[in-house]
Amino acid sequence: MTTRRSFIASLLAVSAAPATGWAAVGDPSYLAAAKQGDGSFVLIGLREGGDEAFRVPLPARGHAACAHPSRAEAVGFARRPGTYALVIDCISGEVLHELSAPEGHSFNGHGAFSADGTVLFTSEQVAEGSEGRVGIWDVDAGYARVSDIPTHGLGPHELRLMPDGQSLVVANGGIQTDAFDRNQLNVDTMQPSLAYVGFDGSLLERVELDPELHQNSIRHLALRPDGLVGFCMQWQGEAGAATPLLGLHRRGAAPVLCEAPLEDELVMSGYAGSVAFAGGGSEIAITSPKGGRMHRFSDAGEFLGAVSRTDVCGLATHDGGYMASDGLGGLILVQGKTPKPLRRAEVAWDNHLVRIAG
Amino acid sequence: MKKTLTVCAALLAAPLALPARAGVPEALKEHILPGYAGFAQATETLAGAAQADCTAPALRGAWMHAFDLWNAVADIHIGPSETGALPVAFWPDSRGFTPKTLTKLISGEEEIGHDPLGYGDVSIAARGLYPLEFMLYDPQFSDYEKGSYACTLVQTMTRDLARQAATLDAGWEEQFADVLRTAGQEGNATYMGEDEAVRAIYTQILTGLEFTADTRLGRPLGTFERPRPTRAEAWRSGRSLRNVLQDSKGAYDMAAALADWDLPQSKAALDRLYELAERVEDPSFQKVEDPGERLHVEILQQQVRALSDALEQEIGVRLGIQPGFNSGDGD
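For the record, the sequence lines run as chains A and B. If you read the first sequence in the UniProt record's numbering, its first letter stands for residue 1, the second for the next number, and so on. If you read the second sequence in the UniProt record's numbering, its first letter stands for residue 1, the second for the next number, and so on.
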């Protein structure tokens, strides 16, 4: 009998079918969804300098996209609770596949490819009870649903492939939502976690914060090649609590919380929307569109400073630091403490800026 | 015939073709910069007065005056005020940090209370206008004698406040005003277009009014079943209503300076707010448990929202300013 583990291993072993790579669409380094002036939505490929490599239409506002590591294919997830995800050919703009969440599941806005691009992992939750699942899809079989494994927590949001290529790290937001009206049901008892999950669904490690931070929903992730994980949070408790919004974790060690001075923390409004390591990996930053701010920290968790920018949310690693994007169309290169405007596009950049591997 | 049509088309197109001009330099010159300069001066006066006589009755007038001037700029949270406004005005203090921190300082006669320069390291809950209100008006704190630790603490706090005000004033005058004025110019990563600087000021106006309606008025109102009068802002000094009016006027004044066109609806809404305020019996909102008084305060709250709506129509809609794409989203 083929076990799930051996089946996934067999998928990973098959080399990816030759297809047209990112070079064919102008070698973008980033994917970003955006709203155009006429109200329509697009997926745009951006180069390191902020110039546009390609632009293809999206049928509706999405949440995040994930980029196939070699083929010019992106998977765009519907806004939560999403029942579909679209595999888009970034050359033609054609929708190659429409993925439907299995009955009773919904997509939670994020996904990740295996290193060789043969498997797609999707963040999902069971509508009834909000139990987290990772959907597993066979890319070369036309994104066929293979199976799903647990995230070992409720309401998962972002998930990322660990650098070992053999496991996933999942941000279990901890929030249980009503299957019909999306109301939060467990704010008083929620328990977010950072979970490391093997491809067979085994729980390798789970990290929970101190009880007084149980309302700090862990939602987005950044990874450094050596396995250091940055996780950013959204506070669900009383306003003004000024809790830390970023944590660092390394397998087997205790998490390190990154705190900003109180005045700065309060400006963030208890909300971090994206997290990314700077190029080189010695620092990490989070953005808060609600606070119009980006906070930088050292990789040991020390506060380095803030950059103010209205509606900033998208954030990704750049060779020279970070690339940040915002709802006013701004693309900003942040090098050390200095923000350098690259350009302002005639679009509103959506929540996330996704780095294309390689 | 054809010519006439062309003229008509041109006339129709004109309002769209001409960008509505809004005056960031005017908002700075007429409202923001004089606002901070005035507050710096008033806090210097307060600190000077505390040096001469630090007892509560002697300082109330100067403190009141400083708060009046603060209200012109109280709801600005950009540039130096993004983090700098908070230690001046730490409110609401839902967990009661201000009285707790003051009690701890006073009962322990902590050394930092003698050190105006070092006082900047003290928790923001014990800095700025609100802890001074406790010291000057709350019976548990205000009966201190000359020469007491509390008296020195008040001198230290007023000196620290004056220094904060001077720092804000200098930060705006010498740095941030130029960031706003040079919006859209090369290298300006804060405002990548003139429209963004306009938007930033406009946002301060609307969020300030929202705070006045939801928090300055909403907190004491609580719910009908459970009004919360002691959650009002600055009720100890009896200036809760005064703050609502001055903060609303500050928002309107900044809007009027920003727009180089008339704002008749907004002006009417502000005037109406002042009229309605006369019906409120207790300016510290301590009678909101009375249904009649509650209604008056609720009407005031509606009128602040009406002022906000009028400004949105007369400025935001005209300039085509949309709410933040990501900030209002959340995920």
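Don't be surprised by glycine CBs; every beta carbon is placed ideally from N, CA and C. Everything numeric in this text was worked out from a predicted model, so none of it was measured.
DSSP places A:T310 outside any alpha helix (DSSP H), giving it a letter other than H or E. Its chain contains A32, A34, G314, S325, D326, G327 and G329 as the residues whose beta carbon lies nearer than 7 Å to that of A:W349, once the 5 sequence neighbours on both sides are disregarded; these appear in chain order. A:N172 is bridged by DSSP to A:P156 and A:S193.
Sequence-distant Cβ neighbours of B:D160 in its own chain, meaning closer than 7 Å and more than five residues away, are P116, Y119, G120 and R127. Using a Cβ-Cβ distance cut-off of 8 Å, the stretch 196-206 of chain B and the stretch 84-102 of chain B are not in contact, since fewer than three pairs of beta carbons, one from each stretch, lie closer than that value. With the criterion set as a beta carbon lying under 7 Å from some beta carbon of chain A, the members of the stretch 301-330 of chain B are G324, F325, N326, S327 and D329, in sequence order. A:T20: not part of any beta strand (DSSP E); DSSP gives it neither H nor E.
Within chain A, the residues placing a beta-carbon under 7 Å from that of B:E82 are V267 and S308, ordered along the chain.
Here the alpha carbons of A:G237 and A:G155 stand approximately 17 Å from one another. Below 8 Å, enough C-beta pairs join the stretch 288-301 of chain A and the stretch 315-329 of chain B to call them touching: three or more. A:V312 and A:G301 have their alpha carbons spaced roughly 22 Å apart. Counting C-beta pairs with one atom in each stretch, the stretch 47-61 of chain B and the stretch 227-236 of chain B have fewer than three that are closer than 8 Å, which means they do not touch. Contact annotation: the stretch 298-313 of chain B touches the stretch 263-280 of chain B, with at least three C-beta pairs closer than 8 Å. Taking B:L136 as the centre and dropping the five residues before and after it, the same chain places the C-beta of A56, L59, R60, W63, S142, V154 and S237 closer than 8 Å to its C-beta, in chain order.
Going by DSSP, A:T287 is part of the beta strand (DSSP E) stretching over E283 to S288. For A:K290, the neighbours in chain B by C-beta distance under 9 Å run, in chain order, G324, N326, S327, G328 and G330. Between the alpha carbons of A:V347 and A:A67 lies a gap of roughly 21 Å.
Residue range V95 to S100 is occupied by the beta strand (DSSP E) that includes A:S100.
In this structure, B:T215 is the residue among B:T215, B:E225, B:G320 and B:I321 with its C-alpha nearest to the C-alpha of B:L300.
For A:F77 against A:A60, the beta-carbon gap comes to about 11 Å, at or over 8 Å, which does not count as contact.
Straight through space, the alpha carbons of A:R355 and A:D27 are spaced by roughly 12 Å. Inclusion of B:G79 and B:F176 in the CB contact set at 7 Å is warranted, their separation being smaller than that value. Contact annotation: in the stretch 100-130 of chain B, residues whose CB is within less than 7 Å of a CB in chain A are I124.
DSSP places A:D164 in no beta strand (DSSP E); its state is neither H nor E. One Cα belongs to A:D181, the other to A:G109, and the distance between them is close to 18 Å.
DSSP places B:Q302 inside the alpha helix (DSSP H), whose first and last residues are P291 to L311.
Around the C-beta of B:E82, 16 or more other C-beta atoms lie within 10 Å, and the residue is accordingly described as buried.
Contacts with chain B (Cβ-Cβ distance below 7 Å) from the stretch 329-349 of chain A involve G330, I332, P339, K340, P341, R344 and A348, listed in chain order.
Remark: C-beta atoms of A:V169 and A:R160 approach each other more closely than 7 Å.
With a threshold of 7 Å between beta carbons, B:L258 makes no contact with chain A. The Cβ neighbour count for A:W22, taken over all protein chains shown within 10 Å, is at least 16; the residue is labelled buried.
In chain order, D264, R293 and H295 place their CB closer than 6 Å to the CB of A:A306, counting only its own chain and leaving out the 5 sequence neighbours on each side. The beta carbon of A:N108 does not come within 7 Å of any beta carbon belonging to chain B, so the residue lies off that interface. Neighbourhood of B:L209 in chain A, by CB distance below 8 Å: empty, with the nearest CB roughly 18 Å away. Only residues of its own chain outside the window of five on either side were considered, and among them V307 and I332 have a CB closer than 6 Å to the CB of A:P339, listed in chain order. Within chain A, the C-beta atoms nearer than 8 Å to that of B:A200 come from T310, in chain order.
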